[in-house]
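Trainee: Following this message is one structure expressed as structure tokens.
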Amino acid sequence: MLAPQRLALSGPTLVRLLAGLGGAEVPESRLSIADQLSQWLGWTDAIALSTALSAQPPAARAAAAPPGASAEQSQSERVRAALTKAITGDGASARRDGRRAPIAHAAAAQAPADVEPDFADFRQRYLALQQAMETDIGALRIRLRAALAARTPALARLATVDAVMEQALGARERSLLAGVPALLGAHFARLRAAATAQAAQAAGAAEGAERAEATAENAAPSAPHTWLPSFRKDMQSVLLAELEIRFQPVEGLLAALRTR
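If you count by the UniProt record's numbering, then the sequence shown holds residues 1 to 260, one letter each, in order.
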């Protein structure tokens, strides 16, 4: 399971979960959101953002009544539900949309008790799910921006700003999130080492000091992997927290669409 929480961070769930994995004392940043964003944006990004904010957006297409946000809301809910299913493995035929094949579970996720688990399988699954989130949420944001552009000039400007921010922050976001599997890998190794040491200690106490050394050498392959379900649960929690962060821009665009 996750390491005992020793932090009082007020940031996103993903940050608090990852901090808890290693039990590290991570000081909360004293910088404001604006100051932190300024460190992510280069001068070319600032120019693009300024242009998007000051440019006169094209007039929205004339319509008898502006379209509601129900279709976009429903599509967003479908995308989020499908990604959640892919993460939790809820349903063998879970798909992210009606056309794509489901993301298969890693072989290690259901590995027999006598097979030594390999984090490489879990890492491959995590990366596949990250790619699924990036692809599907990116396509959803494009659809929502198109819906905003069809409303009013102000909402069209918001759509342009969102496109600029996605372009400006996308590379930094991918770089940061790419480090998550490594943190999970270290957590995986700690759980396995602790289970191995515990099994060796229990066997040594029961069978005598003579066999303790041999038991320690064979504990990993022979002992039941009782720690694996806890690790899978931790990984699932981290993935769901990452999905929550990735969906925040979508929620903002949906909120704008619901305005009149």
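Using N, Cα and C, we set each Cβ at its ideal position, and we do this for glycine too. All of these numbers come straight from a predicted model, not from anything done at the bench.
Please say whether residue 139 and residue 149 have beta carbons closer to each other than 8 Å?
Mentor: No, the Cβ-Cβ distance between residue 149 and residue 139 is not below 8 Å.
Trainee: What three-state label does DSSP hand residue 181 in the structure shown?
Mentor: If DSSP states are grouped into helix, strand and coil, residue 181 belongs with the helices.
Trainee: When you compare the CB positions of residue 241 and residue 12, do they come within less than 8 Å of one another, or not?
Mentor: Yes, they are a contact pair.
Trainee: With a threshold of 16 other CB atoms inside 10 Å of the CB of residue 20, please say whether the residue is buried or exposed.
Mentor: So residue 20 counts as buried.
Trainee: Let me check understanding here. Comparing Cα to Cα, which of 199, 164 and 235 lies closest to residue 186?
Mentor: It is 235 whose Cα lies nearest to the Cα of residue 186.
Trainee: By Cβ distance, which residues of its chain are closer than 8 Å to residue 126, with the 5 residues on each side in sequence left out?
Mentor: Within the same chain, residue 126 has close Cβ partners 180, 181, 184, 235 and 239.
Trainee: When burial is assigned at 16 or more other CB atoms within 10 Å of the CB, is residue 117 buried or exposed?
Mentor: When all chains shown are included, residue 117 counts as buried.
Trainee: State the Cα-Cα distance for the pair residue 147 and residue 141, rounded to the nearest angstrom.
Mentor: Cα to Cα, residue 147 sits roughly 10 Å from residue 141.
Trainee: Would a C-beta distance cut-off of 8 Å place residue 253 and residue 151 closer than the cut-off?
Mentor: It is not a contact, given that the beta carbons lie outside the stated cut-off.
Trainee: Thinking C-alpha only, which one of 88, 137 and 85 is nearest residue 250?
Mentor: That would be 137, whose Cα lies nearest to the Cα of residue 250.
Trainee: Consult DSSP for residue 13 and reduce its assignment to one of helix, strand or coil.
Mentor: Here residue 13 sits in helix by DSSP.
Trainee: Return the CA-CA distance between residue 167 and residue 85, expressed in angstroms with no decimal places.
Mentor: Straight-line Cα distance between these residues: approximately 28 Å.
Trainee: Does any CB atom of chain C fall closer than 8 Å to the CB of residue 144?
Mentor: You won't find chain C in this structure, because it holds only one protein chain.
Trainee: In the DSSP assignment, find the alpha helix (DSSP H) that holds residue 136 and state where it starts and stops.
Mentor: Here the alpha helix (DSSP H) through residue 136 covers 119-149.
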